[in-house]
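There are 2 protein chains.
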Amino acid sequence: MNIYDVSQKAGVSIATVSRVINGNRSVADSTRRRVEAAIKELGYEPNVFARGLGLNTMQTIGILCNDSSDIYIANAVYYLQHFLSEHHYDSILCCTGNNPDDFRKYTKMILSKRVDAVIYTGSQFILNHPEDHDNNYIVDASKEVPIFLLNGMLEGENIYCVVNDDHLAVHDAAMKLIRHGRRHIVYLYSGTTLSSQNKLSGFTDALNEAGIPNRIAYTHLGPKDIYAAKSYLESLYDQNLPMDAVMASEDTLAVGAVKFAEEHGIRIPEDLEIIGYNNSILAECTEPELTSIDNHVEKVCRTLTDNCLKVLAGEDAPHKVIRTADLISRETTVN
Amino acid sequence: MNIYDVSQKAGVSIATVSRVINGNRSVADSTRRRVEAAIKELGYEPNVFARGLGLNTMQTIGILCNDSSDIYIANAVYYLQHFLSEHHYDSILCCTGNNPDDFRKYTKMILSKRVDAVIYTGSQFILNHPEDHDNNYIVDASKEVPIFLLNGMLEGENIYCVVNDDHLAVHDAAMKLIRHGRRHIVYLYSGTTLSSQNKLSGFTDALNEAGIPNRIAYTHLGPKDIYAAKSYLESLYDQNLPMDAVMASEDTLAVGAVKFAEEHGIRIPEDLEIIGYNNSILAECTEPELTSIDNHVEKVCRTLTDNCLKVLAGEDAPHKVIRTADLISRETTVN
DNA sequence: GCGCGCTCTGTAAGCGCTTTCATTTGTTTC
DNA sequence: GAAACAAATGAAAGCGCTTACAGAGCGCGC
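If you read the sequences in order, they're chains G and F. Converting from the first sequence to this note's numbering requires adding 3 to each position, the first position being numbered 1. Converting from the second sequence to this note's numbering requires adding 3 to each position, the first position being numbered 1.
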């Protein structure tokens with residue numbers, strides 16, 4: 004069944020049917036109603052391919068990430084897809100997996116599907132790409148369709164970013180620990196993203212401002228390395244290095260810190276305060292429950308999709324939105 | 004740039020270019036090489052719409068779930084997408100969110116995109132659908148494209164299922180608890196899926212076989228209700244009902260059980276054994292760490308996508324694959 | 001009454017590809 | 001060497017839609 008059948012049923016030409024479908028206003032009301040009735044009666048659905056060929060759009064948006072099974076990203080993907088679908092956009096999901104160097108390849112793949120926009124989330128690729136350190140491929144892609152970055156920053160005419168002020172959030176959290184008298188704070192560091200860089204600098208800046216000697220230690224872990232985080236702390240402990248607080252760039256790593264403390268009879272939060280990041284479900288699973296920084300995935304995604312829909316509708320949207328993250332106090336910090 | 008440009012460059016007709024692209028064998032080697040060179044030099048990518056119009060396929064598969072942010076589903080979605088992309092199939096993700104009654108609507112939506120197959124995962128919809136209790140819409144959909152169910156069972160010519168033997172896994176785990184002398188086992192029950200039904204019946208069957216009087220209690224919770232699970236156990240506790248083990252249909256609920264025990268000074272596993280389900284990252288976050296049933300998401304997804312690719316290639320595939328799940332012993336059970 | 005501009009509708013030309021069918025060329029076979 | 005066949009290629013007809021363009025019908029002012 005195709006547009007022709009509908010036109011026959013309604014007694015009009017296919018052009019008129021097409022106009023009705025596309026909301027073209029130059030159709031008489033009576034005709035419109037007749038066509039709509041025919042469409043409904045026949046249960047007609049336009050063929051997306053033919054439609055795409057004509058309009059060169061398929062109401063589809065590409066979502067690119069490296070690991071959609073990461074709790075944070077999974078949430079982001081869920082909200083992005085959900086909000087977009089409210090406006091009848093479908094989402095093509097594309098995960099590069101453990102090989103972030105594939106971002107260029109996947110970008111090309113997803114563009115070849117003629118998506119109307121691409122959303123990069125996780126932004127694992129924004130920094131430290133040996134082969135592509137200036138993210139050329141994103142800039143290239145932005146020549147074809149608008150690009151949206153979740154927690155990434157890139158300047159460009161057709162690039163729109165929504166970021167959390169990770170620097171500020173970590174800075175303030177560190178300050179809080181410092182006000183509590185903590186002087187030997189370990190920062191557990193994961194990722195190679197802009198976001199993780201910002202978190203780290205928020206941390207070091209706070210320590211510098213407070214004039215705390217550079218006794219901090221930080222390490223470089225994977226985002227899911229609970230046990231590596233724990234071992235790392237143990238190695239510090241074995242060296243008898245003082246330690247009275249731990250900040251982590253991911254809740255997973257903070258979980259490792261909790262495990263470390265429990266195993267060594269270190270009291271939380273009296274002897275060791277711990278702060279995680281993401282305020283994920285993990286923060287509620289430990290005992291004591293984790294204090295964690297919440298970057299409001301849902302709202303961030305809403306902002307991003309709002310921008311995206313605006314741009315696709317031909318309206319303006321801000322190229323850069325910065326949102327604040329909040330510290331959610333639970334049991335691993337004092338107060 | 005289009006197929007015509009390539010044909011000009013290679014000095015052949017567009018038909019020949021098309022044949023090269025589609026791997027049609029009746030092209031002379033020398034011609035093929037010439038065309039391939041032209042394609043490469045021009046960086047040509049076929050237009051998917053035009054291609055779709057001709058072939059009526061877009062190498063795209065729809066993945067339908069209710070909540071892709073659920074840890075288990077997020078993992079499944081990740082693997083499904085990843086495995087499919089290895090074979091150049093893209094994935095359109097579609098989440099119904101909290102309204103499982105929308106499954107019909109979303110199914111229609113996704114079919115209108117002319118996907119080559121639909122994968123239902125999570126299968127929250129397989130049972131207890133007031134309006135659609137016999138899953139007609141899936142059967143209907145299977146008339147258009149092959150349907151694949153992850154942890155769902157439905158008979159149909161064009162329907163292919165991969166399920167875990169949840170019944171067996173829970174049954175055996177319950178037996179283990181019974182062998183440990185547990186007689187007052189609480190089952191924390193979530194979901195309305197086939198899967199959750201099977202888990203429950205595995206549990207009750209085990210108790211019946213062991214001749215344990217029907218002193219069990221189970222409740223109906225949401226899959227993320229850590230605190231509801233905890234409160235529920237507390238209510239039993241307050242009633243002085245005996246309880247020496249807890250089994251949960253989700254790790255989240257088992258986490259609630261751990262919290263309950265810790266808060267009331269109940270020793271794990273001596274006084275209370277706890278078994279979760281999914282063997283998710285949550286199982287490693289608690290202290291003590293959770294014993295949990297692992298249903299091998301990755302392998303299950305591999306099996307499903309293998310079947311899917313076979314069917315799409317016109318080959319046969321089993322309509323029903325049953326896989327076994329394994330108990331991963333950690334610290335919340337004896338041994 | 002005529003021309004003008006407006007609204008509504010139809011005709012037909014694409015969009016970029018696949019594929020049938022016909023044609024050409026080369027290879028056997030007797 | 002002619003007939004029969006196979007292999008390689010091109011011309012052209014779609015696929016189902018959008019849309020530029022043209023035309024029909026109508027009301028209006030002069």
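Glycine included, C-beta positions come from ideal geometry on N, C-alpha and C.
Segment limits, beta strand (DSSP E) that includes residue i
i: leucine 330 of chain F; result: 329-331
i: isoleucine 278 of chain F; result: 276-280
i: tyrosine 123 of chain F; result: 120-124
i: valine 249 of chain F; result: 248-251
i: alanine 220 of chain F; result: 220-224
i: threonine 63 of chain G; result: 63-68
For residue i, the nearest candidate out of the options (CA to CA)
i: asparagine 161 of chain F; options: F/Ala172, F/Glu147 and F/His170; result: F/Glu147
i: isoleucine 24 of chain G; options: G/Glu48, G/Arg326 and G/Leu87; result: G/Glu48
i: alanine 120 of chain F; options: F/Ile331, F/Thr60, F/His170 and F/Cys68; result: F/Thr60
i: alanine 53 of chain G; options: G/Ser21, G/Glu290 and G/Ile66; result: G/Ser21
i: threonine 222 of chain F; options: F/Leu157, F/Glu237 and F/Tyr92; result: F/Glu237
i: leucine 153 of chain F; options: F/Ser283, F/Glu334, F/Ile66 and F/Ser29; result: F/Ile66
i: histidine 90 of chain F; options: F/Gln62, F/Asn139 and F/Val80; result: F/Gln62
i: methionine 156 of chain F; options: F/Ile95, F/Met4 and F/Ser199; result: F/Ser199
i: lysine 179 of chain G; options: G/Ala248, G/Lys323 and G/Ala31; result: G/Ala248
i: leucine 275 of chain G; options: G/Leu285, G/Ala286, G/Thr294 and G/Val80; result: G/Thr294
N- and C-terminal bounds of the alpha helix (DSSP H) containing residue i
i: serine 341 of chain F; result: What is shown of chain F runs 4 to 338, which leaves residue 341 of chain F out entirely.
i: aspartate 143 of chain G; result: 139-144
i: aspartate 105 of chain F; result: It is not in any alpha helix (DSSP H) - aspartate 105 of chain F carries neither H nor E in the DSSP assignment.
i: glutamine 242 of chain F; result: Where glutamine 242 of chain F is concerned, there is no enclosing alpha helix (DSSP H), given that its DSSP letter is neither H nor E.
i: lysine 12 of chain F; result: 6-13
i: threonine 1 of chain G; result: This structure cannot speak to residue 1 of chain G, because chain G is shown only from 4 to 338.
Distance CB(residue i)-CB(residue j) smaller than 7 Å
i: alanine 144 of chain G; j: threonine 110 of chain G; result: yes
i: asparagine 298 of chain F; j: asparagine 167 of chain F; result: yes
i: tyrosine 163 of chain G; j: alanine 320 of chain G; result: yes
i: alanine 339 of chain G; j: arginine 37 of chain G; result: Examination of residue 339 of chain G is not possible in this model, given that chain G is present from 4 through 338 alone.
i: threonine 308 of chain G; j: valine 165 of chain G; result: no
i: alanine 232 of chain F; j: glycine 259 of chain F; result: yes
i: serine 193 of chain F; j: glutamate 253 of chain F; result: yes
i: valine 300 of chain F; j: arginine 326 of chain F; result: no
i: cysteine 68 of chain G; j: glycine 125 of chain G; result: yes
i: cysteine 311 of chain G; j: phenylalanine 106 of chain G; result: no
i: leucine 330 of chain G; j: alanine 177 of chain G; result: no
i: lysine 116 of chain F; j: valine 173 of chain G; result: no
i: isoleucine 229 of chain F; j: threonine 255 of chain F; result: yes
i: valine 9 of chain G; j: alanine 41 of chain G; result: yes
i: methionine 246 of chain G; j: leucine 239 of chain G; result: yes
i: asparagine 78 of chain F; j: serine 72 of chain G; result: yes
i: asparagine 278 of chain G; j: alanine 328 of chain G; result: Just to set this straight, residue 278 of chain G is isoleucine in the shown sequence, not asparagine. The answer is no: Cβ separation not under 7 Å.
As assigned by DSSP and simplified to three states, the class of residue i
i: valine 258 of chain F; result: helix
i: histidine 170 of chain G; result: helix
i: tyrosine 47 of chain F; result: coil
i: methionine 178 of chain G; result: helix
i: alanine 320 of chain F; result: coil
i: isoleucine 74 of chain F; result: helix
i: threonine 195 of chain F; result: coil
i: cysteine 288 of chain G; result: coil
i: serine 295 of chain F; result: strand
i: threonine 308 of chain F; result: helix
i: arginine 186 of chain F; result: coil
i: leucine 152 of chain G; result: strand
i: arginine 36 of chain G; result: helix
i: arginine 326 of chain F; result: strand
i: valine 215 of chain F; result: With the sequence shown as reference, residue 215 of chain F is identified as isoleucine, and valine is not the correct amino acid for it. Looking at isoleucine 215 of chain F - three-state DSSP - the assignment turns out to be coil, as it is neither helix nor strand.
i: glycine 205 of chain F; result: helix
i: isoleucine 229 of chain F; result: helix
i: isoleucine 42 of chain F; result: helix
i: valine 303 of chain G; result: helix
Query - Proximal residues, the stretch 105-122 of chain G versus chain F, C-beta separation under 7 Å - result: Ser115, Lys116 and Arg117
Query - Where the stretch 268-291 of chain G meets chain F: residues whose CB sits under 8 Å from a CB there - result: Ile284, Leu285, Glu287, Cys288, Thr289 and Glu290
Requested in this report: Name, going along the chain, the residues of the stretch 39-60 of chain G whose beta-carbon falls closer than 7 Å to a beta-carbon of chain F.
Outcome: Glu48, Val51, Phe52, Ala53, Gly55 and Leu56
Query - Where the stretch 177-191 of chain F meets chain G: residues whose CB sits under 8 Å from a CB there - result: none
**Report entry** Interface positions of the stretch 67-92 of chain F facing chain G (Cβ-Cβ less than 9 Å), listed along the chain
**Finding:** Asp70, Ser71, Ser72, Asp73, Ile74, Ile76, Ala77, Asn78, Ala79, Val80, Tyr81, Tyr82, Gln84, His85, Ser88 and His91
Requested in this report: Quick one: which residues of the stretch 228-252 of chain G get their C-beta closer than 9 Å to a C-beta of chain F? List them in chain order.
Outcome: Ile229 and Tyr230
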